[in-house]
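The opening residue of the sequence shown carries number 1238 in this note's numbering; numbering runs sequentially from there.
Glycine included, every Cβ here is placed at the ideal spot set by N, Cα and C.
Contents: one structure, followed by commentary.
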Amino acid sequence: MVDLKLVIGSKNTSSWSLRPWLALKHAGASFEEIVIPLDRPDTKAEIARHSPSGRVPVLRHGQAKIWDSLAICEYVAEMFPKARLWPADRGHRAHARSIAAEMHGGFAAMRAALPMNIRLRRPAGALDAATQAEIDRVIAIWRECRTKHNRVGPYLFGTFSIADAMYAPVATRFRTYEIALEGAPAAYVETMAAMAAMQEWAAAAALEPS
Ligand SMILES: N[C@@H](CCC(=O)N[C@@H](CS)C(=O)NCC(=O)O)C(=O)O
């Protein structure tokens, strides 16, 4: 039996946790989930029991600990090669890794202005220039991917990949804050919302105490 435990934060708000959780689900991995409620007096102490970085997510595989969302996604891709969590074509894979890294290392204004809150529905209202520029960049990334890979399937590179896992929290934010989208980016948000794994995550988020 595979001894995998994923330590995550509250499902309603922990965008970093959602990413490797989706990768594990897509891989069909059997894993135990340990949810640490965020923004509580004991959150930091609880996370510190599991995480060398003081942050979630953390994956435990036997005695090994892997932390940071993208590192965990890479680990899952190596453990479950049949899940094809990166595109098979080297050029496509490099593109997927580039946009995954861009998401991982950037978009600070958008994250601050539009925090993930799956249960919430509230129009964003007027956005500052930095946030709008980052939204525009996400839309451009999605549009380019969907134009290139539309024939293969509805995800960024046709079939589901780590790139989709990395952008999943942005797709839910665009729904939450009713960001105006049209064409391929609008369809992509719906594709992500319709995923069985996303619906399972959202249903659990809806049951969490406020
Ligand atoms: N770069 C990290 C960021 C992880 C992160 O910031 N996680 C947040 C929750 S979404 C956290 O652990 N915050 C600590 C806290 O709430 O005390 C990753 O990609 O996993």
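- For a cut-off of 8 Å, the C-beta gap from LEU1243 to LEU1307 is around 14 Å, too long to register as a contact.
- Judged by pairs of C-beta atoms under 8 Å, the region 1394–1411 touches the region 1342–1356, as three or more such pairs exist.
- In the structure shown, the three-state DSSP call for PHE1394 is strand.
- In the assembly as shown, GLU1371 is a buried residue. Its beta-carbon has 16 or more other beta-carbons within 10 Å.
- Of the residues assessed, VAL1313 falls on the buried side of the cut-off, its CB having 16 or more other CB atoms within 10 angstroms.
- In this structure, GLY1342 has its beta carbon at no less than 6 Å from each heavy atom of ligand 1.
- Annotation for SER1447 indicates a beta carbon at 6 Å or more from all heavy atoms of ligand 1.
- Per the coordinates, the alpha-carbon of THR1368 lies some 8 Å from the alpha-carbon of PHE1344.
- Secondary structure remark: continuous beta strand (DSSP E) runs of at least 3 residues inside the region 1250–1320, in chain order: 1269–1273, 1295–1298, 1301–1304.
- With respect to the C-alpha of ASP1279, the residue from GLY1291, GLU1269, GLU1270 having the closest C-alpha is GLY1291.
- Put simply, of ARG1286, ARG1358, PHE1394, SER1267 the residue whose alpha carbon is nearest the alpha carbon of ALA1337 is PHE1394.
- Relative to ligand 1, the beta carbon of LEU1259 is positioned no closer than 6 Å to any heavy atom.
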